[in-house]
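J.:
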Amino acid sequence: MANVYSQLYIQIVFAVKGRNSLIKESFRDELQKYMTGVVREKGHKLLAIYCMPDHTHLLIGLKPDLSISELVQQVKTSSNKFIKEKKFLKTKFEWQKGYGAFSYSKSALDTVIKYVLNQPEHHKKRTFKEEYLLLLKKFEIEYNEKYLFEWIEDVD
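In this note's numbering, the protein residues as written are 285 to 440.
Right, here's the structure in full:
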């Protein structure tokens, strides 16, 4: 795209369907590398990624030629296929519908990168639900509880 200049930094958060803890440490690095490749293949810059057992955080330098929803769909679809092809799990794997996308200024990047990469430490103090609701509140995003992720305590 000629004559298009942008500086867009987006943190994307999405969860495993049913909030099942299916992303195992044994294949987490390989999955993260694969997802990084998908993001880069689409022309974006992946600044940080961390796959927790039940959800994933990505911090991306986003190019404006692909919508966030298209990028998230491509990352989810291809990583889901990757997990199945690699036979990392004996059970069915799917990502939940939906995602969160939060924008940051360049001056906040160091802090957000550390936050994404230190997910295991953050989740010793608060649950994914608490973390996600805090992000929605911090960014003053109106939401309907009915359309948020399935939370572990909500699943029978």
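Just so it is clear, CB atoms sit at the ideal spot from N, CA and C, and this is done for glycine as well.
1) Please list, in chain order, all residues of the same chain as K409 whose beta carbon is under 6 Å from its beta carbon, the five residues on each side excluded.
2) For H339, report the span of its beta strand (DSSP E) as first-last.
3) Apart from the five residues just before and just after T361, which ones in its own chain have a Cβ nearer than 7 Å to its Cβ?
4) Evaluate contact between the region 299–318 and the region 365–383, counting only Cβ atoms and requiring at least three cross-stretch pairs below 8 Å.
5) Looking only at its own chain, which residues have a Cβ that is under 6 Å from the Cβ of D385, when we skip the five neighbours before and after it?
6) For F298, count neighbouring Cβ atoms within 10 angstroms of its own Cβ and tell me buried if that reaches 16, exposed if not.
7) Under three-state DSSP, which class holds K374?
8) Going by DSSP, what residue range makes up the beta strand (DSSP E) through Q295?
T.: In terms of the structure at hand:
1) none
2) H339 to L346
3) none
4) yes
5) The sequence as given places Ala at residue 385; Asp does not occur at that position. If we look at A385 and ignore the five residues flanking it on each side, its Cβ neighbours are I294, I296 and I352.
6) buried
7) coil
8) L292 to A299
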